[in-house]
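Residue numbers (the UniProt record's numbering), protein chains in the order written: chain A, 1 to 211; chain B, 1 to 211. In what follows, a single structure is set out as structure tokens and then discussed.
Protein chains: 2
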Amino acid sequence: MQHDIAWPGSVRPGGRTARVREAVLQVTGDLLAERGLAGLDLTEVAATAGVGKTTVYRRWRTPAGLVADLLIDMAEQSLPRTDTGALLDDLTANARLVAKTLTDPRQGNLFRAVIAAATVDADTANALHAFYDTRLDEWAPCVHDAVARGEAPAGTDARAVLSAVSAPLYYRLLASGDPIDREAADRAARAATVATMAGTFVDAAYADQRS
Amino acid sequence: MQHDIAWPGSVRPGGRTARVREAVLQVTGDLLAERGLAGLDLTEVAATAGVGKTTVYRRWRTPAGLVADLLIDMAEQSLPRTDTGALLDDLTANARLVAKTLTDPRQGNLFRAVIAAATVDADTANALHAFYDTRLDEWAPCVHDAVARGEAPAGTDARAVLSAVSAPLYYRLLASGDPIDREAADRAARAATVATMAGTFVDAAYADQRS
Numbered sequence: 001m002q003h004d005i006a007w008p009g010s011v012r013p014g015g016r017t018a019r020v021r022e023a024v025l026q027v028t029g030d031l032l033a034e035r036g037l038a039g040l041d042l043t044e045v046a047a048t049a050g051v052g053k054t055t056v057y058r059r060w061r062t063p064a065g066l067v068a069d070l071l072i073d074m075a076e077q078s079l080p081r082t083d084t085g086a087l088l089d090d091l092t093a094n095a096r097l098v099a100k101t102l103t104d105p106r107q108g109n110l111f112r113a114v115i116a117a118a119t120v121d122a123d124t125a126n127a128l129h130a131f132y133d134t135r136l137d138e139w140a141p142c143v144h145d146a147v148a149r150g151e152a153p154a155g156t157d158a159r160a161v162l163s164a165v166s167a168p169l170y171y172r173l174l175a176s177g178d179p180i181d182r183e184a185a186d187r188a189a190r191a192a193t194v195a196t197m198a199g200t201f202v203d204a205a206y207a208d209q210r211s
Numbered sequence: 001m002q003h004d005i006a007w008p009g010s011v012r013p014g015g016r017t018a019r020v021r022e023a024v025l026q027v028t029g030d031l032l033a034e035r036g037l038a039g040l041d042l043t044e045v046a047a048t049a050g051v052g053k054t055t056v057y058r059r060w061r062t063p064a065g066l067v068a069d070l071l072i073d074m075a076e077q078s079l080p081r082t083d084t085g086a087l088l089d090d091l092t093a094n095a096r097l098v099a100k101t102l103t104d105p106r107q108g109n110l111f112r113a114v115i116a117a118a119t120v121d122a123d124t125a126n127a128l129h130a131f132y133d134t135r136l137d138e139w140a141p142c143v144h145d146a147v148a149r150g151e152a153p154a155g156t157d158a159r160a161v162l163s164a165v166s167a168p169l170y171y172r173l174l175a176s177g178d179p180i181d182r183e184a185a186d187r188a189a190r191a192a193t194v195a196t197m198a199g200t201f202v203d204a205a206y207a208d209q210r211s
């Protein structure tokens with residue numbers, strides 16, 4: 001675990017407040033990945049992060065408050081979209097990134113824990129939805145560019161396309177237990193691309209307007 | 001809640017043991033849907049079901065044991081596949097059934113609770129995977145029949161097709177929070193059908209063998 005928050009030349013901007021947040025969210029992610037939401041204790045987070053307990057309670061208030069802020073931080077830090085110039089290749093890059101994240105021991109456990117927490121806590125659910133909003137928006141230009149190139153029909157719903165890429169991988173993680181491997185990722189991207197090109201994801205409102 | 005387990009003409013076969021199981025699993029489902037796994041207490045289940053506490057502890061042992069048996073019961077009771085004679089219509093029926101289940105207040109909460117429990121308990125995860133195995137097997141003939149009719153290419157992986165139908169609906173339930181409506185269900189079925197017809201779900205081993 002990295003708690004050397006005062007390391008010179010850190011890529012994180014900001015002063016003491018930013019360093020405190022980084023240390024606290026690092027420990028929050030570690031504990032969530034190891035033990036789930038039930039194992040997240042503010043006093044322990046403060047002690048492990050080397051931050052005053054009062055600061056942690058005042059700023060984050062509850063375990064759900066920590067998880068919500070962690071999701072904001074994950075959204076801020078997430079990698080930008082890939083731009084290969086072809087829809088299938090962009091979506092394949094997206095699918096492989098999702099597969100890599102979900103199969104990474106720490107990240108995979110973290111996502112499982114946050115998704116489980118969201119099933120019982122409305123604030124965590126809202127933070128989780130906002131995280132996916134950010135991710136889906138970040139990659140939407142892949143679809144808009146495909147429309148501009150004539151690869152996909154006008155009116156294609158970018159959010160639906162990108163959800164279709166991720167969905168089979170999350171289904172494996174949370175429901176069927178099937179392996180999340182390169183083949184699964186590439187197949188998810190191919191299926192979404194084929195359906196996109198066939199016009200399956202053209203927004204119903206757009207289609208109605210044109211007919 | 002239905003606890004009138006001795007009702008004459010019940011569709012459930014079996015004697016006292018079967019009636020005890022039915023009452024216990026009914027209460028288990030109610031409590032899970034209301035409060036999640038953390039709210040599942042064997043003593044309370046026994047009292048509410050009108051069954052001896054010792055019986056419940058001896059037979060199911062833990063809350064996870066109850067959840068595993070509930071999943072077995074849900075798999076046994078699930079509706080058979082639809083057979084319309086066309087792949088798109090079969091998959092649309094499947095998608096609408098999944099959407100109906102996930103948006104039903106009791107069933108939706110139950111699935112959320114069981115999926116959350118599976119993220120922290122290996123026995124529950126195994127029981128959940130077995131449940132999806134049963135469901136996916138039950139509907140596999142829709143794909144096999146489509147292959148026999150020439151609607152889908154030989155070597156199409158039925159499990160992958162049916163997972164592709166469910167996945168976008170589970171992604172909405174657990175990740176994005178987007179609504180699980182008729183449009184989402186029909187679109188999931190159309191996308192899976194288009195990708196199936198294009199050969200996206202042909203098993204890699206089968207494709208290699210033929211090339």
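We treat Cβ as the ideally placed atom computed from N, Cα and C, and that holds for glycine. The structure presented is a predicted model; accordingly, all values stated were derived computationally and were not measured.
query                                                                                                                                                                         : result
List, in order along the chain, the chain B residues whose C-beta lies closer than 7 Å to that of R112 of chain A?                                                            : T119
Just list the alpha helix (DSSP H) runs in the stretch 86-112 of chain B, keeping only unbroken ones of 4 residues or longer that don't cross its boundaries, in chain order. : 87-103
Are the C-beta atoms of H3 of chain B and some chain A residue less than 7 Å apart?                                                                                           : Unreliable positioning characterises H3 of chain B in this predicted model, as indicated by a pLDDT of 37, which lies under 50. The coordinate reading is nonetheless provided below. For H3 of chain B, the answer is no, since every Cβ of chain A falls outside 7 Å of its Cβ.
Contact between the stretch 179-194 of chain B and the stretch 88-96 of chain B: three or more CB pairs below 8 Å?                                                            : yes
Hey, quick one: how far does the alpha helix (DSSP H) through R59 of chain A stretch, first residue to last?                                                                  : K53 to W60
Ignore the nearest five residues each way along the sequence and tell me which others in P39 of chain B's own chain have a CB closer than 7 Å to its CB.                      : Position check: residue 39 of chain B holds Gly in this sequence, whereas Pro was assumed. Closer than 7 Å at Cβ, skipping near neighbours: L31.
Three-state secondary structure (DSSP) at V67 of chain A?                                                                                                                     : helix
Let me know if L79 of chain B comes out buried or exposed under the rule of 16 or more other beta-carbons within 10 Å of its beta-carbon.                                     : exposed
With A140 of chain A as the anchor, note down where its alpha helix (DSSP H) starts and where it stops.                                                                       : A122 to R149
Among B:L88, B:L25 and B:R58, which has the Cα closest to the Cα of L66 of chain B?                                                                                           : B:L25
Just mark R172 of chain A as buried or exposed, buried being the case when its beta carbon has 16 or more other beta carbons within 10 Å.                                     : buried
Applying the criterion that 16 or more other CB atoms from any shown protein chain within 10 Å of the CB defines a buried residue, is R16 of chain B buried or exposed?       : exposed
Comparing the C-beta of V51 of chain A with each C-beta of chain B, is any distance below 7 Å?                                                                                : no
So for R16 of chain A, helix, strand or coil by DSSP?                                                                                                                         : helix
Is it right to say A154 of chain B is buried, meaning 16 or more other beta carbons lie within 10 angstroms of its own, or is it exposed?                                     : exposed
Hey, L174 of chain B and L70 of chain A are a contact pair by Cβ (cut 8 Å); roughly how many whole angstroms apart?                                                           : Between L70 of chain A and L174 of chain B the Cβ distance is about 18 Å, and since that is not below 8 Å, they are no contact.
State the beta-bridge partners of T156 of chain B as determined by DSSP.                                                                                                      : B:V202
List, from N- to C-terminal side, the beta strand (DSSP E) runs of 3 residues or more that fit wholly inside the stretch 160-199 of chain A.                                  : none
Rounding to the nearest angstrom, what Cα-Cα distance links A64 of chain B and S166 of chain B in this structure?                                                             : 25 Å
Contact criterion: CB-CB distance below 7 Å. Does V11 of chain A meet it with respect to chain B?                                                                             : Residue placement at V11 of chain A cannot be trusted, given a pLDDT of 48 that sits under 50; the coordinates are not used to answer.
Taking just the CA atoms, how far does Y170 of chain A sit from S163 of chain A?                                                                                              : 10 Å
Between the Cα of A23 of chain A and those of A:T48, A:N126 and A:Y132, spot the shortest distance and give me the residue it belongs to.                                     : A:T48
Distance cutoff 7 Å, beta carbons only. Does A177 of chain B sit that close to anything in chain A?                                                                           : In the sequence as presented, Ala is not what sits at residue 177 of chain B; that position holds Gly. Output row for G177 of chain B: interface = yes.
Does residue 216 of chain B come within less than 7 Å of chain A when only Cβ atoms are used?                                                                                 : This structure gives no information on residue 216 of chain B, because the portion of chain B shown stretches from 1 to 211.
Comparing the C-beta of P168 of chain B with each C-beta of chain A, is any distance below 7 Å?                                                                               : yes
I want to see whether chain B comes within less than 7 Å of R78 of chain A, judged by CB atoms only; does it?                                                                 : Contrary to the premise, residue 78 of chain A reads as Ser rather than Arg in this sequence. Not an interface residue.
Any idea what DSSP makes of D41 of chain A, helix, strand or coil?                                                                                                            : coil
Closer than 8 Å, Cβ to Cβ, to anything on chain B: give me those residues from the stretch 151-167 of chain A, in chain order.                                                : R159, A160, S163, A164, S166 and A167
State the DSSP-derived secondary structure class of D73 of chain B, mapped to helix, strand or coil.                                                                          : helix
Expressed to the nearest angstrom, what Euclidean distance is found between the alpha-carbon atoms of residue 265 of chain B and T200 of chain B?                             : Coverage of chain B is limited to positions 1 through 211, which leaves residue 265 of chain B absent and any answer about it impossible.
Classify D208 of chain A as helix, strand or coil using the three-state DSSP reduction.                                                                                       : helix
Once DSSP output is grouped into helix, strand and coil, what is the label at R81 of chain B?                                                                                 : coil
Between the C-alpha atoms of A146 of chain B and T82 of chain B, what's the straight-line distance to the nearest angstrom?                                                   : 13 Å
By the criterion of Cβ-Cβ separation under 8 Å, what are the contact partners of G36 of chain A in chain B?                                                                   : T119 and V120
Could you check whether V45 of chain B and T28 of chain B sit closer than 7 Å to each other, using their CB atoms as the reference points?                                    : yes
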